[in-house]
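Residue numbers (my numbering): 6 to 103.
Beta carbons are placed, not taken as given, at the ideal position from N, Cα and C, and that holds for glycine.
Predicted, not measured: the structure shown is a model, and the values here were computed from it.
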């Protein structure tokens, strides 16, 4: 299934693009998407999930306009995912060290 991902702030800087169209397996979750982004782009994407598997408090994630904190949320064909940083300090540090 295809999912559109729009990136802002440090995530856009790290990926070098504003938007992505990703192909995920049917039944994929938000966690699956975040792991794929971490694999593809590293950097700040590796910190989108906390050690306990939950979504990091430093990240803002919206699926179809709804704020989500549950990484086990299922995605479906055509979903629109927006990812931004809530942590201005982390963002400044990433850009400075780039």
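Residue i, enclosing beta strand (DSSP E) - first and last residue
i	result
residue 89	85-90
residue 25	24-28
C-beta atoms of residue i and residue j nearer than 8 Å
i	j	result
residue 62	residue 28	no
residue 86	residue 65	no
Endpoints, alpha helix (DSSP H) assigned at residue i
i	result
residue 9	Element bounds for residue 9: not the alpha helix (DSSP H) but the beta strand (DSSP E), 7-12.
residue 53	No alpha helix (DSSP H) holds residue 53; DSSP gives it neither H nor E.
With 16 other Cβ atoms within 10 Å as the buried cut-off, status of residue i
i	result
residue 50	buried
residue 84	buried
residue 10	buried
residue 23	exposed
residue 12	buried
Where residue i falls: helix, strand or coil (DSSP)
i	result
residue 73	coil
residue 65	strand
residue 41	helix
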